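Let me begin by presenting the structure, written as structure tokens, before commenting on it.
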Amino acid sequence: MTNRLRLLQLTKLLDVTRLNEKDEPQLMADWLKQQPQLPVTVAAYCVYPDYLSKLKHFMQNYGQQFELATVVNFPGGDLSLPVVCKQIEAALAAGATEIDCVMPYQALLRGDQQYATEFLSDVRRYCKTACLKIIIESGELITAQQVARATEIAINCGADFVKSSTGKVAVGITEEAARIMLTIIASADRTVGFKASGGVRTVTQALQLIDLYEQITGVTATSATMRIGASALVTELAEQLAGD
Numbered sequence: 024m025t026n027r028l029r030l031l032q033l034t035k036l037l038d039v040t041r042l043n044e045k046d047e048p049q050l051m052a053d054w055l056k057q058q059p060q061l062p063v064t065v066a067a068y069c070v071y072p073d074y075l076s077k078l079k080h081f082m083q084n085y086g087q088q089f090e091l092a093t094v095v096n097f098p099g100g101d102l103s104l105p106v107v108c109k110q111i112e113a114a115l116a117a118g119a120t121e122i123d124c125v126m127p128y129q130a131l132l133r134g135d136q137q138y139a140t141e142f143l144s145d146v147r148r149y150c151k152t153a154c155l156k157i158i159i160e161s162g163e164l165i166t167a168q169q170v171a172r173a174t175e176i177a178i179n180c181g182a183d184f185v186k187s188s189t190g191k192v193a194v195g196i197t198e199e200a201a202r203i204m205l206t207i208i209a210s211a212d213r214t215v216g217f218k219a220s221g222g223v224r225t226v227t228q229a230l231q232l233i234d235l236y237e238q239i240t241g242v243t244a245t246s247a248t249m250r251i252g253a254s255a256l257v258t259e260l261a262e263q264l265a266g267d
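Note that our numbering has the sequence shown beginning at 24, numbered continuously upward.
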């Protein structure tokens, strides 16, 4: 695959993300207007639930078609199930088509796999037909076995994608965590997507993750099977495509 085709492939995998704790409606609107023009549409934009309406308005006004993603149980993964279910219901009502939910990974660290499993199974039901990406927060899991088990739980609970990180802790995606997650995903008895997030800041790093995904799974990365959550690399990607 030529370099330009690889860059176009990367563009189609992007979940362009803005999850600033201290944000304002006008800042969000300005950020959306400042997004660089790309020759193909990204997979999704991911924002806090309060900004879904602005995101939907942006998509309609600019004639683009991408998924509307948001986050719940975010970032700590420690909210109660009733609160998270209300977040999901509100997000779907606001137009979200994809839900990125943080696994209650502290329960996993305590050895309480049953709580994590029951929690995520209920989240799956409340998401209905919306795409569900379960964030395992791999950088907070202590061992490779915990990363593997978290990935298995997410798959067993019906995740459409297993996502590495929130981007809100010190350690985001690493090659080791990606390899573990992808090995489990590749052995699943159904198609499960992989989302790399947390510290994906350069085009080179993103392309390496695509290579790793395709090497381990044997599947060509598309927006149905892989996503890359990023906020910093879109400008670099646009510049490379313009100069290619």
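Even glycine gets a Cβ: it sits at the ideal position worked out from N, Cα and C.
All of these numbers come straight from a predicted model, not from anything done at the bench.
Sub-8 Å separation of VAL226 and LEU256 beta-carbons: The residue given as residue 226 occupies position 203 in the sequence shown. The residue given as residue 256 occupies position 233 in the sequence shown. The answer is yes: Cβ separation under 8 Å.
Residue environment, GLY190, which counts as buried when at least 16 other CB atoms sit within 10 Å: Within the sequence shown, numbered from 1, the residue matching residue 190 stands at position 167. Buried, by the Cβ-count rule.
Close-in-space but distant-in-sequence residues of the same chain around VAL194 (CB under 7 Å, 5 per side omitted): Residue 194 sits at position 171 when you count from the first residue of the sequence shown. Same-chain partners within the cutoff: GLY162.
Reduced DSSP category for ALA92 - H, G, I as helix; E, B as strand; rest coil: The sequence position of residue 92 within the sequence shown is 69, counting from 1. The three-state reading of DSSP puts ALA92 in strand, counting E and B together.
Alpha carbon of GLN88 to alpha carbon of THR258, nearest angstrom: The residue labelled residue 88 in the question sits at position 65 within the sequence shown. The residue labelled residue 258 in the question sits at position 235 within the sequence shown. Those two C-alpha atoms are separated by around 19 Å.
Any non-hydrogen atom of the ligand HEM closer than 7 Å to ALA253 Cβ: This structure does not include the ligand HEM; it has no bound ligands of any sort.
Sequence-distant residues of its chain with Cβ nearer than 7 Å to ALA113 (five each side left out): Translated into positions along the sequence shown, residue 113 becomes position 90. If we look at ALA113 and ignore the five residues flanking it on each side, its Cβ neighbours are PRO72.
Outcome for LEU260 when other beta-carbon atoms lying within 10 angstroms are tallied against a minimum of 16: Here residue 260 refers to the residue found at position 237 of the sequence shown. Looking at its Cβ environment, which holds 16 or more other Cβ atoms inside 10 Å, LEU260 is buried.
Cutoff 7 Å; reference ALA177; Cβ partners in own chain excluding five residues on either side: Working through the sequence shown from its first residue, we reach residue 177 at position 154. Short of 7 Å from the beta carbon of ALA177, and not among the five residues preceding or following it, lie these beta carbons of its own chain, in chain order: MET126, LEU143, ILE157, ILE159, VAL185.
Residue closest to GLY99, alpha-carbon to alpha-carbon, out of SER188, LYS218, THR245, MET51: Your numbering for residue 99 matches position 76 in the sequence shown. Selected option, being the one with the closest Cα: SER188.
Beta-carbon spacing of LYS218, ARG172 below 8 Å: Numbered from its first residue, the sequence shown carries residue 218 at position 195. Numbered from its first residue, the sequence shown carries residue 172 at position 149. LYS218 places its beta carbon 8 Å or farther from that of ARG172.
Identified DSSP bridge partners for THR40: Translated into the one-based positions of the sequence shown, residue 40 becomes position 17. Within the DSSP bridge table, the entry for THR40 names CYS69 as partners.
Beta-bridge partners of LEU155, as assigned by DSSP: By 1-based counting over the sequence shown, the position of residue 155 is 132. Answer is ILE122, bridged to LEU155.
ARG202, DSSP secondary structure in three states: Sequence index remark: in the sequence shown, residue 202 carries index 179 (1-based). Correct three-state label for ARG202: helix.
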